[in-house]
Amino acid sequence: MNPTDVVQLMGLCTDIEESEPRHNATEDGRVIPRDFSSLSRLVPPGVIAGSIILSRPHLPVRSLQEFVDSADTDASSRIASMKDSLLFRAQSIPLPFFPAPGGMVPWGRTTRDGVLLWDTTAPDSADWTTVLTDSDFQVWVDLPLTTSPLIWTVLSGGSGSTPAFETFEDFEQGTFWEVYEKTRETAFTLADQEIGSTAEVLERVRSIGVPGLHGYADKQFKFATGDCVAEFPEDYTAIMKEFAGGVIAGVHVFPPSRSLATRTNDLGGGMSEMLKALGKDTSFMQWGEVDGRAMGWLTTHEDPTGWCVAYLKADGSALTCLEDQTFATFLQRRLRGNNSLF
0 MNPTDVVQLM GLCTDIEESE PRHNATEDGR VIPRDFSSLS RLVPPGVIAG
50 SIILSRPHLP VRSLQEFVDS ADTDASSRIA SMKDSLLFRA QSIPLPFFPA
100 PGGMVPWGRT TRDGVLLWDT TAPDSADWTT VLTDSDFQVW VDLPLTTSPL
150 IWTVLSGGSG STPAFETFED FEQGTFWEVY EKTRETAFTL ADQEIGSTAE
200 VLERVRSIGV PGLHGYADKQ FKFATGDCVA EFPEDYTAIM KEFAGGVIAG
250 VHVFPPSRSL ATRTNDLGGG MSEMLKALGK DTSFMQWGEV DGRAMGWLTT
300 HEDPTGWCVA YLKADGSALT CLEDQTFATF LQRRLRGNNS LF
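0 is the number of the first residue of the sequence shown in numbering that gives the first Met the number 0; add one for each residue after it.
Right under this line is the structure:
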């Protein structure tokens, strides 16, 4: 998947010459991925699939520091806002922010004020994948996609009634009103204090405002689980069909493929004996982690509806069951500001 394919899918002209060389990390910083700089030249200012707006750096960009400092990318202020939000809520996320090595760098935003960032862990900028967060910085989606494949996925998975590309003027006269109405609906839905836990988490995920990615999450879920959907509780299944994995309210939530790979009844030492005492079929399936603790289910029954949310300390020295919590209620409680693990 290359920028030309993406631009053609948007119905735009692709006759601008591609001459920028491929760059790796340098002592002065990291230059931006080539496919992003190509898209910046090929795609005029506007809105992609009613949801994505690219930053518009002055090209060529000589270092990643220059990109972050540019007023046209708004990256520096967005990083500051995200740091402040996480600090205020006493939350952390698995990746640091630039200029830390492998730090995240904003490269775009959504029409609902979400932020698109690069995970710059890879030494070659061509391999930088994407992190997408909502406007409140409470839902972070890890997407193993570079810029062009991400936009292709959004375009392919979106509504057929939404234009693939609009100038800002066309957007303000058309799709903007659909986005505005969805934003109002989200606000009313989340204002309901009686909203169910699964519904609230899903509404927060959808509030990011990139509908084309929901289909991507569903495909990843089906690929990971195959015919084993019944192996998960219903609330987890409903949420993970729209959330590809990442962070929700400071909780690192694994994609289903990783959760299925972490089911074990051999935790070593006293933990293994504890599980055996609970029953021969008891195991611990990890679905995430928070504050150095492994979050998961104590699977004491074949029926997932009977599984108990539990967590292990980092050293595996203790297992704590949260008998009154489910996957969704635990996340809902965190989203509402209660970070208690009891």
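The C-beta atom is built at its ideal place from N, Cα and C for all residues, glycine as well.
Residues bridged to residue i [DSSP beta-bridge criterion]
i, result
"ARG33", "Answer by DSSP bridge pairing: none, since ARG33 is not bridged."
"GLU199", "Beta-bridge pairing links GLU199 to no other residue."
"CYS320", "ALA309"
"ILE47", "ILE51 and PHE164"
"LEU131", "LEU115 and VAL140"
"ILE247", "VAL138 and VAL250"
"PHE222", "Looking at the DSSP assignment, PHE222 forms no beta bridge with any residue, so it has no partner."
"PHE96", "MET103"
Buried/exposed call for residue i, threshold 16 Cβ in 10 Å
i, result
"GLN172", "exposed"
"TRP139", "buried"
"PHE242", "buried"
"PRO143", "exposed"
"GLU193", "exposed"
"GLY10", "exposed"
"GLY113", "buried"
"LEU86", "exposed"
"THR319", "exposed"
"GLN137", "buried"
"TRP286", "buried"
"GLU322", "exposed"
Inter-residue Cα distance where the pair is residue i and residue j
i, j, result
"SER345", "GLY195", "Coverage of the chain is limited to positions 0 through 341, which leaves residue 345 absent and any answer about it impossible."
"ASP83", "TYR235", "30 Å"
"ASP217", "PRO210", "12 Å"
"VAL178", "CYS307", "38 Å"
"ARG333", "ALA248", "6 Å"
"LEU311", "ALA186", "36 Å"
"PRO59", "VAL67", "14 Å"
"THR145", "THR129", "6 Å"
"LEU330", "CYS12", "45 Å"
Three-state secondary structure (DSSP) of residue i
i, result
"ALA293", "strand"
"ASP112", "coil"
"PRO148", "helix"
"VAL104", "strand"
"GLN331", "helix"
"GLN285", "strand"
"PHE231", "coil"
"ASP302", "coil"
"ASP71", "coil"
"PHE242", "coil"
Interface flag, residue i vs chain D, CB-CB below 9 Å
i, result
"ALA99", "No chain D is present in this structure, which holds just one protein chain."
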